[in-house]
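To start, the structure itself, in structure tokens.
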């Protein structure tokens, strides 16, 4: 019986020790500086469907217009 009691006390002590270590790690993680926000991107509007998308994802078309897809570039906004 006394071994069972000793085992229970050791198990509780181990769980308390692990909980304290986890909280120490969480506190250390909270002290890190936050990541900088991403830089803003220029957006353009597709003349066919009026969808706004990043300039890097747009497809160039005739007369300098930018389109959201190959199909819209083929129609040319007409």
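Residue numbers (the numbering used here): 5 to 82.
Virtual Cβ for every residue (Gly too), placed ideally from N, Cα, C.
In this structure, the CA atom of residue 6 is about 10 Å from the CA atom of residue 12. For residue 77, the enclosing alpha helix (DSSP H) has its first and last residue at 74-79. Counting the other Cβ atoms within 10 Å of the Cβ of residue 18 gives fewer than 16, which makes it exposed. Inter-residue distance for residue 23 and residue 10 is about 20 Å (C-alpha atoms, whole angstroms). Assignment of residue 36 by DSSP, reduced to helix, strand and coil, places it in the coil class.
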